[in-house]
Amino acid sequence: MIAERRNEQHLTLSERMKLLSSGTKYDSCNQSAVCHAFGPDGRCIQLYKTLLSNSCAGECAYCPNRCERHTMRATLDPEEIAKITWSFYRRNAIEGLFLSSGIMGDAEQTSQKQLEVVELLRGQGFKGYINIRVMPGTPKYLLEQIAEHANKFGVNAETTNSVNYSEICPNFDYKNDVLQRLKWTKDLIQKKRSEYGGMGRLVGANDTQFVVGAVSESDKEIVRTVDKFMDKYELRRPYFMSFDPVPDTPLEDGKPSPKWREQRLYQMSFLLKDYGLKANDFDDVYDEHGFLGNYDPKVMLAQSQPDRFPVDINSADMSDLLLVPGIGPVSANRIIRTRPIASEQELARMGVVVTHARPYISINGSRQANLASFMGACS
């Protein structure tokens, strides 16, 4: 560690910026330096994304920044992060800041440094969006102070239960250090929304991250956990990070998780959040071990329930329309407002992906393809 600190002292500001921005690819939105997040209104927000430090007291088995790993270390002071953020912001390169960190001593010390950054920025008149990824075990009083300045803040769950968590993050307790913080975050967000009453500062929703493939948990377990978190902690958006083994870590010989698995879990999370579906609606979509295949889960769900189709575009209710591949919440609302509908061309103008929807719909009792023939053509 002494050698690492000595190396750190010889890094320029640009070198530290590059190192700490690249380190954030292991935390939520998976881009580096500038990432894209989404506000509660659905608007895409471009953020400068960085770690405070990649020096870490934690021993997370998958993480390149774990304390026992030999790697170049770097730290940015709160004043440096504020200066960099302002520089990007004034050039319209970003709309805000995403700030995470390795654990600098302990969770309290690290979150105190994060609080210094946001207090400094707000004290200088910064009006941009600030998202803080807090550490497991962050004290409640610091969460309350961060909530006074940040638009969004939250802790990463990483996995689905205490047993898995102790395997990959042995320094922390899943129930107390993670789940309790998710609850506090939910309560603080509710409080801030009631104070602002939909006016003034944009208050983001609760979010978290899962590392996919670091342990043996199935997709079914992950989806059920996401569904539970949405109900219990008002989770709006889960992030998924595909496990990729890092040299000189306990999991360096592990098998990397395919990127398509991450993509399919995102699709499942959208179906839970935006379509009103529940985790047990997908029980017939998984294989015998609880894993998804590399197929659109909404199509798989529709094909597992052939008796529900076709749905008639002019009489189906919202829940039935949302089960149709190629129809999303926006196009379903347009259909209901515009009916009666006489042609596929009208559906296409409303945003329906007609080639996907055709096997599952009829228009006034008429359809151009049935599900059985469509499935046969695809086999």
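Residues in the sequence shown are numbered consecutively from 374, following the working numbering. Glycine is no exception: its CB is placed at the ideal position from the N, C-alpha and C atoms.
Using the Cα positions of GLU377 and MET445, report the straight-line distance between them to the nearest angstrom. For GLU377, the predicted model reports a pLDDT of 44, less than 50, meaning its position is unreliable and no value from the coordinates is stated.
From ARG495 to TYR606, what does the alpha carbon distance come to, in whole angstroms? 28 Å
Run through the segment 587 to 641 for me and flag every whole alpha helix (DSSP H) of 4 or more residues, listed as ranges in chain order. 592 to 606
Please list, in chain order, all residues of the same chain as HIS662 whose beta carbon is under 8 Å from its beta carbon, the five residues on each side excluded. SER591
Residues in the same chain with beta-carbon distance under 7 Å from THR533, minus the five sequence neighbours each way, listed in chain order, please. GLU590, GLU594, ILE595 and THR598
Going along the chain, which residues of its own chain have a beta-carbon closer than 7 Å to the beta-carbon of LYS391, five neighbours each way excluded? none
State the start and end residues of the unbroken alpha helix (DSSP H) segment that holds TYR538. 535 to 541
Bridge partners - GLU531, DSSP secondary structure assignment: PHE583
Less than 8 Å between the CB atoms is what I'm expecting for VAL585 and VAL551, so what's the real figure, rounded? Contact doesn't hold; Cβ gap of about 17 Å is too wide.
Classification of ASN549 by the beta-carbon crowding that lies within 10 angstroms, buried from 16 upward: exposed
Using a Cβ-Cβ cutoff of less than 7 Å, which residues in the same chain neighbour SER704 once the five nearest sequence positions on both sides are dropped? MET723, GLY724 and VAL725
Chain-order list of residues whose beta-carbon lies under 6 Å from that of LYS628 (same chain, five-residue window excluded): none
Let's test the definition: count the other Cβ atoms within 10 Å of the Cβ of SER387 and tell me whether it reaches 16, buried, or not, exposed. exposed
Mapping the DSSP letters down to three states, classify THR558 as helix, strand or coil. helix
At which residues does the beta strand (DSSP E) containing ASN504 begin and terminate? 502 to 506
Classify LEU470 as helix, strand or coil using the three-state DSSP reduction. strand
Please confirm whether LEU561 and LEU488 have their CB atoms less than 9 Å apart. no
So the candidates are ASN687, LEU695 and PRO732; which of them puts its Cα closest to the Cα of ARG710? ASN687
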